[in-house]
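Accompanying notes for the structure given below.
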Amino acid sequence: MNTETQTNQQKDVQTSTVTACAATSCRYNENQQCTAGTIQLVVKNDMPACGTYTAR
Ligand code: SF4
């Protein structure tokens, strides 16, 4: 993996509004609902992921 690819994978790709989420270990998750309002989507290991996730 070259530096450019690594940079692209760590780049935020967009913001989004989310309601349902299964990541119950996140501090923004209440009864499998996201309370963060908007989140940042990132790419990790070629998969989209929530960049706003914060452990409780
Ligand atoms: S911030 Fe991300 S991981 Fe946390 S509840 Fe919202 S969508 Fe899920």
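1326 is the number of the first residue of the sequence shown in this note's numbering; add one for each residue after it. Positions of the beta carbon are idealized from the N, C-alpha and C atoms, including for glycine.
Run the proximity test for residue i: is its beta-carbon closer than 7 Å to any non-hydrogen atom belonging to the ligand SF4?
i            : result
residue 1361 : yes
residue 1343 : yes
residue 1312 : The structure shown does not extend to residue 1312, since the chain is modelled only from 1326 to 1381, so the question has no answer here.
residue 1348 : yes
Let me confirm a value: residue i is counted as buried when at least 16 other C-beta atoms fall within 10 Å, else exposed. Which label applies?
i            : result
residue 1377 : buried
residue 1370 : exposed
residue 1356 : exposed
Within the continuous beta strand (DSSP E) that includes residue i, where are the two ends?
i            : result
residue 1385 : The displayed coordinates of the chain run from 1326 to 1381. Any statement about residue 1385 would go beyond what the structure contains.
Shorter than 8 Å from the beta carbon of residue i to some beta carbon of chain D?
i            : result
residue 1368 : The structure shown has no chain D; it contains just one protein chain.
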